Amino acid sequence: MSLNLVITLPRFSLTTPSRELLRSLLPLAAPALIAAAEASGVGLPGRLLLHAALGAAQDNLNA
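What follows is the structure, encoded as structure tokens:
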């Protein structure tokens with residue numbers, strides 16, 4: 419049995435300086451957030467949701 423979960427997030431536009439700042443900080447923040455989630459014991463579902471949210475944020479910044 420397979421399960422697909424589709425999460426639709428609202429799209430918003432950032433100003434250019436904000437976009438550049440977030441684009442430069444996201445590669446540093448993502449591993450730290452995932453490590454904090456693992457250390458706090460949120461479990462696999464929480465880590466998967468966090469990973470998906472970070473991936474969506476990165477895709478949005480690169481679009």
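Under the numbering used here, think of the first position of the sequence shown as 419, with each following residue one higher. Note that beta-carbon positions come from the ideal geometry of N, C-alpha and C, so glycine has one too. Since we're looking at a predicted model, the values are computed, not measured.
Residue i versus residue j: straight-line alpha-carbon distance, rounded
i: LEU446; j: VAL460; result: 21 Å
i: ARG429; j: ALA453; result: 27 Å
i: ALA474; j: GLU456; result: 20 Å
i: MET419; j: ASP477; result: 29 Å
i: SER431; j: GLU438; result: 12 Å
i: PRO435; j: LEU443; result: 12 Å
Residues of its chain near residue i, where Cβ-Cβ distance is below 8 Å and the 5 sequence neighbours each way are ignored
i: ARG441; result: LEU479 and ASN480
i: LEU451; result: LEU468 and LEU472
Sequence-distant residues of the same chain with beta carbon closer than 7 Å to residue i, five excluded per side
i: GLY464; result: ALA455
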